[in-house]
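Participant:
Protein chains: 2
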Amino acid sequence: MASSDAKQALFEAIALMGKAFASPRRLELLDLLAQAPRSVEELARASGQSTANASQHLQALHAAGIVTRTREGTRVVYAMAGEDALRLWLALRDASVAHLGEVERAARDYLGDDVETIGREDLLERLTKGDVVLVDVRPEEEFAAGHIEGARSIPLPELERRLAELPPDQEIVAYCRGPFCAYAHEAVRRLKDTGRKARRLEDGWPEWRLAGKPIQAH
Amino acid sequence: MASSDAKQALFEAIALMGKAFASPRRLELLDLLAQAPRSVEELARASGQSTANASQHLQALHAAGIVTRTREGTRVVYAMAGEDALRLWLALRDASVAHLGEVERAARDYLGDDVETIGREDLLERLTKGDVVLVDVRPEEEFAAGHIEGARSIPLPELERRLAELPPDQEIVAYCRGPFCAYAHEAVRRLKDTGRKARRLEDGWPEWRLAGKPIQAH
DNA sequence: CAAGCTATCAAGCGTTCTATTGAATAGCAA
DNA sequence: TTGCTATTCAATAGAACGCTTGATAGCTTG
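Taken in order, these protein sequences are the chains called Y and P. Every letter in the first sequence is one number past the one before it in this note's numbering, and letter 80, counting from 1, is 80. Heads up, this note's numbering is the position in the second sequence plus 218, with the first residue counted as 1.
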């Protein structure tokens, strides 16, 4: 029957998008792109895979319409295709956390002991009052591509060296890529070791941006 | 490095959920479950695949936490796991429509000429005013499992035979499983052939329910 | 236009996924 | 118990996928 063929085609087309989310390596690339656009080589290096392999995965993501590609001189820069794509990735991630115990177990193994958090609304309120210091502990390029308004950039590896920049008597809030990024956890632990009051934002930059909170772009 | 192993595990766990959405056959089952819970055999028949095959796919969906299973005597009834799962499925479907031209092409082939639509808000308003007749053209079991408040059930194959039930001078709105379900399109075309004023709801039952509009459940 | 990067292509190989088949199991009814 | 039905399990063959390797194409710079 012709109509059933057409219906099949419809589901096949939708499955193309599902397949895009079906490989861990691809998801890792996507997670990086949720922070900032990057070239193939940067992505390959950051995710520890070969350039050719990363290129293949990126093409798969591109074919599914999840990422865009732009030639910039000799490099090709990939980026999230838009808010829809970002929203979908976060929804998938959150759903898998909610439904699959393994995700939480893997996360706990990875993140270590949990640290105190602060929600988006609370943080925003305290930022406007000015009684909290907000630190972006992601790599500098990601900060440069966009960050929470009022944050200062101190990549995690530089934290100890630049402790003097942080007022010792004010509370510090650290944030990074998202709830499963270890940077903020680690930053808070180290800050507490120096006797400061510190918490981490409960999620990260992409969630903040999607929530429509004040940002500093580009 | 241990931390990178743990991070891999995290992405692998999330990819489990992605894989669940990576097969057309599975998506077809999911689409049916978005309307109403069903037994393995019913699902297999409705989607035109063997029972064993459907069972395998349903187990995969269950392992990903997208559907629930309940034993009912000799049968096993599967159902959507919750609003989260439904929301994720609809989000994936809509994203693939937005990003992949093929989906739209496949849809057009399947649905035929487009017919006039009415939005959720408009329909609700006119329903309360009482100047429109709402018809659910899905199979009867799906209507029985839940439907829009105030709708009457006339499955598409019975439409001609039961035309007398519909007032000839009032506008008729037909709805079915969703924007890619052909029933409502076809119903509107047939109603117009009889000289009536008819439109279709722009999407379907699951979208209505998720939007929190008035429903009649079970 | 040649050299040097970056990214993609093409082929190959091992692994995983899918659908089919036939056998096994669980609940129900006589 | 013995059938009967609905579902799952197990084994298998074929297709699709994922990663690697080496070659190719595009762009920039000297």
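All residues carry an ideal CB built from backbone N, CA and C; glycine is no exception.
In the DSSP assignment, find the unbroken beta strand (DSSP E) run with G364 (chain P) in it and report its ends.
Facilitator: Here residue 364 (chain P) is taken as the residue at index 146 of the second sequence, counted from 1. Run containing G364 (chain P): 364-366, per the beta strand (DSSP E) assignment.
Participant: Can you list the residues of chain Y that E230 (chain P) reaches, using a CB-CB cut of under 7 Å?
Facilitator: Working through the second sequence from its first residue, we reach residue 230 (chain P) at position 12. Those within 7 Å of E230 (chain P) in chain Y are P24.
Participant: For W208 (chain Y), does the count of other Cβ atoms within 10 angstroms reach 16, so buried, or fall short, so exposed?
Facilitator: Reading the first sequence from its first residue, position 208 is the one you call residue 208 (chain Y). Buried.
Participant: Indicate whether at least one CB of chain Y lies closer than 8 Å to the CB of Q166 (chain P).
Facilitator: A query on residue 166 (chain P) cannot be resolved here, the shown segment of chain P reaching from 219 to 436 and no further.
Participant: Just the chain P side, please: which residues come within less than 8 Å of H99 (chain Y) by C-beta, in chain order?
Facilitator: Here residue 99 (chain Y) refers to the residue found at position 99 of the first sequence. M235, A282, G283, I284, A299, D302, A303, listed in chain order.
Participant: Cβ atoms of P424 (chain P) and G396 (chain P): under 8 Å apart, would you say?
Facilitator: The residue labelled residue 396 (chain P) in the question sits at position 178 within the second sequence. The residue labelled residue 424 (chain P) in the question sits at position 206 within the second sequence. In contact: G396 (chain P) and P424 (chain P) (Cβ atoms closer than 8 Å).
Participant: Are there three or more Cβ pairs, one per stretch, closer than 8 Å when the stretch 296-314 of chain P is compared with the stretch 374-387 of chain P?
Facilitator: Contact between the stretch 296-314 of chain P and the stretch 374-387 of chain P is absent, because fewer than three Cβ pairs lie under 8 Å.
Participant: DSSP three-state call for V133 (chain Y): helix, strand or coil?
Facilitator: Here residue 133 (chain Y) is taken as the residue at index 133 of the first sequence, counted from 1. In the structure shown, V133 (chain Y) sits in a strand (DSSP, three-state: E or B).
Participant: Residues in the same chain with beta-carbon distance under 6 Å from A2 (chain Y), minus the five sequence neighbours each way, listed in chain order, please.
Facilitator: Sequence index remark: in the first sequence, residue 2 (chain Y) carries index 2 (1-based). Low confidence applies here, because A2 (chain Y) scores a pLDDT of 49, under 50, leaving its location unreliable; read the following figure in that light. If we look at A2 (chain Y) and ignore the five residues flanking it on each side, it has no Cβ neighbours.
Participant: Would you list, in chain order, the members of the stretch 182-215 of chain Y that have their beta-carbon closer than 9 Å to a beta-carbon of chain P?
Facilitator: The stretch 182-215 of chain Y vs chain P, Cβ under 9 Å: A182.
Participant: Under 8 Å, do A240 (chain P) and L250 (chain P) count as touching if we go by C-beta distance?
Facilitator: In the second sequence, counting from the first residue as 1, residue 240 (chain P) sits at position 22. In the second sequence, counting from the first residue as 1, residue 250 (chain P) sits at position 32. Contact flag unset, no.
Participant: What residue does the alpha helix (DSSP H) around V294 (chain P) start on, and which one ends it?
Facilitator: Position 76 of the second sequence, counting from 1, holds the residue named residue 294 (chain P). Not the alpha helix (DSSP H): V294 (chain P) falls in the beta strand (DSSP E), residues 293-298.
Participant: Going along the chain, which residues of the stretch 40-52 of chain Y sit with their C-beta nearer than 8 Å to a C-beta in chain P?
Facilitator: Listed by position, the residues of the stretch 40-52 of chain Y near chain P (Cβ gap below 8 Å) are G48.
Participant: Is the separation between the beta-carbon of L374 (chain P) and that of Y401 (chain P) shorter than 8 Å?
Facilitator: As a first step, residue 374 (chain P) is located in the second sequence; it is residue number 156 there, counting from the start. As a first step, residue 401 (chain P) is located in the second sequence; it is residue number 183 there, counting from the start. Cβ distance < 8 Å, so L374 (chain P) and Y401 (chain P) count as in contact.
Participant: What residues from the stretch 101-131 of chain Y come within 7 Å of chain P, judged by C-beta to C-beta, listed N to C?
Facilitator: Under the 7 Å Cβ criterion, the stretch 101-131 of chain Y contributes E102, V103, A106, A107, D109, Y110.
Participant: For G363 (chain P) and A297 (chain P), I'd like the C-alpha separation in whole angstroms.
Facilitator: Along the second sequence, read from residue 1 onward, the residue named residue 363 (chain P) stands at position 145. Along the second sequence, read from residue 1 onward, the residue named residue 297 (chain P) stands at position 79. The amino acid occupying residue 363 (chain P) in the given sequence is Ala; Gly does not appear at that position. Their Cα atoms are separated by approximately 11 Å.
Participant: Which bits of chain P does R177 (chain Y) rub up against, with CB to CB less than 9 Å?
Facilitator: On the first sequence, position 177 is the one that residue 177 (chain Y) refers to. By Cβ distance, chain P contributes nothing, its closest Cβ being about 11 Å from R177 (chain Y), past 9 Å.
Participant: Consult DSSP for T269 (chain P) and reduce its assignment to one of helix, strand or coil.
Facilitator: Stepping through the second sequence from its first residue, residue 269 (chain P) is reached at position 51. Three-state DSSP puts T269 (chain P) in a helix.
Participant: So, helix, strand or coil for R427 (chain P), using DSSP?
Facilitator: Here residue 427 (chain P) refers to the residue found at position 209 of the second sequence. Correct three-state label for R427 (chain P): helix.
Participant: Please report whether the beta-carbon of E246 (chain P) lies at a distance below 8 Å from any beta-carbon of chain Y.
Facilitator: Mapped onto the second sequence, residue 246 (chain P) falls at position 28. For E246 (chain P), the answer is yes, since a Cβ of chain Y falls inside 8 Å of its Cβ.
Participant: Hey, out of Y:G204, Y:L27, Y:F143, whose CA is closest to G119 (chain Y)'s CA?
Facilitator: For the purposes of this step, residue 119 (chain Y) is identified with residue 119 of the first sequence, where counting begins at 1. Among Y:G204, Y:L27, Y:F143, the Cα nearest to that of G119 (chain Y) is on Y:G204.
Participant: Got a sec: is the Cβ-Cβ distance from L374 (chain P) to anything in chain Y below 8 Å?
Facilitator: Position 156 of the second sequence, counted from the start, is the residue given in the question as residue 374 (chain P). With 8 Å as the cut-off, L374 (chain P) does not count as an interface residue toward chain Y.
Participant: Quick one, are the C-beta atoms of T346 (chain P) and R417 (chain P) less than 8 Å apart?
Facilitator: Residue mapping note: residue 346 (chain P) aligns to position 128 of the second sequence, counting from 1. Residue mapping note: residue 417 (chain P) aligns to position 199 of the second sequence, counting from 1. No. Outside cutoff.
Participant: Report back the beta-carbon spacing between E367 (chain P) and P432 (chain P) to the nearest angstrom; my notes put them in contact at under 8 Å.
Facilitator: As a first step, residue 367 (chain P) is located in the second sequence; it is residue number 149 there, counting from the start. As a first step, residue 432 (chain P) is located in the second sequence; it is residue number 214 there, counting from the start. About 4 Å separates the two Cβ atoms, so the contact holds.
Participant: Is S96 (chain Y) closer than 8 Å to L409 (chain P) when the C-beta atoms are compared?
Facilitator: Looking up residue 409 (chain P) in the second sequence gives position 191. Looking up residue 96 (chain Y) in the first sequence gives position 96. For L409 (chain P) and S96 (chain Y), no; Cβs fall outside 8 Å.
Participant: Going along chain P, which residues have a C-beta under 9 Å from R93 (chain Y)?
Facilitator: On the first sequence, residue 93 (chain Y) is found 93 positions in, with the first residue counted as 1. Chain P residues near R93 (chain Y): I232, M235.
Participant: Got a sec? Which residues, its chain only, sit under 7 Å from A34 (chain Y) by beta carbon, not counting five neighbours each side?
Facilitator: Counting from one through the first sequence, the residue named residue 34 (chain Y) turns up at place 34. The residues are M80, L86, W89, P206.
Participant: Is any beta-carbon of chain Y found at less than 8 Å from that of L381 (chain P)?
Facilitator: Along the second sequence, read from residue 1 onward, the residue named residue 381 (chain P) stands at position 163. No - not a single Cβ of chain Y is within 8 Å of the one on L381 (chain P).
Participant: I'd like to confirm the pairing. Which residues does DSSP put opposite V67 (chain Y) in its beta bridges?
Facilitator: Here residue 67 (chain Y) is taken as the residue at index 67 of the first sequence, counted from 1. V67 (chain Y) pairs with Y:M80.
Participant: Expressed to the nearest angstrom, what Euclidean distance is found between the alpha-carbon atoms of H147 (chain Y) and E260 (chain P)?
Facilitator: Position 147 of the first sequence, counting from 1, holds the residue named residue 147 (chain Y). Position 42 of the second sequence, counting from 1, holds the residue named residue 260 (chain P). Answer to the nearest angstrom: the Cα atoms are 51 Å apart.
Participant: Can you check whether the C-beta of S371 (chain P) is within less than 8 Å of a C-beta belonging to chain Y?
Facilitator: In the second sequence, the residue the question calls residue 371 (chain P) occupies position 153. S371 (chain P) does not count as touching chain Y.
Participant: Are the C-beta of L33 (chain Y) and some C-beta of chain P separated by less than 8 Å?
Facilitator: The residue given as residue 33 (chain Y) occupies position 33 in the first sequence. Not one chain P Cβ lies under 8 Å of L33 (chain Y).
Participant: Closest Cβ-Cβ distance between S273 (chain P) and chain Y: below 8 Å?
Facilitator: As a position in the second sequence, residue 273 (chain P) is number 55, starting the count at 1. With 8 Å as the cut-off, S273 (chain P) does not count as an interface residue toward chain Y.
Participant: Assuming V321 (chain P) is part of the alpha helix (DSSP H), what are its boundary residues?
Facilitator: The residue labelled residue 321 (chain P) in the question sits at position 103 within the second sequence. Residues 319-329.
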